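Working notes for the structure below.
Numbering (our numbering), first residue to last: 1445 to 1537.
Given below as structure tokens:
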């Protein structure tokens, strides 16, 4: 399962429910709870903040297997998953 971890304000991180689908053309994702989010910015580059985001996500959802944000952002940027696979989410309908 994939989740979004985002900073909403100073020292406020949010972890979404599991993502259910994505529209790569519009960068819209839908969660299992039915909320829609627009991926409007690339993944965080600050390593300290990324570490805090990882810790917050582990606290919220338990074990995590890795960070796929760079791959998802690349797919959104080009509008398609890589030819060698990598379709991490169902298309949004």
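Glycine included, C-beta positions come from ideal geometry on N, C-alpha and C. Computed from a prediction, not measured in an experiment: that's the story for all the values here.
Practice item. Could you tell me how far apart the beta carbons of residue 1463 and residue 1446 are, in whole angstroms, since I believe they sit closer than 8 Å? Key: Contact between residue 1463 and residue 1446 holds: their C-beta atoms lie close to 4 Å from each other, under 8 Å.
Practice item. Round the Cβ separation of residue 1466 and residue 1473 to the nearest angstrom and send it over; I've been treating them as touching at under 8 Å. Key: The Cβ separation is near 5 Å, so the contact holds.
Check your understanding: Tell me, which residues are paired with residue 1527 by DSSP?
Key -> Answer by DSSP bridge pairing: none, since residue 1527 is not bridged.
**Study point:** Environment of residue 1449 [buried if 16+ CB atoms lie within 10 Å]
**Key:** Here residue 1449 is buried: its Cβ has 16 or more other Cβ atoms, across all protein chains shown, within 10 Å.
**Study point:** Given residue 1485 as reference, the closest of 1516, 1536, 1532 and 1495 once Cα atoms are compared
**Key:** 1516
Review point. Does DSSP put residue 1445 in a helix, in a strand, or in coil?
Key: coil
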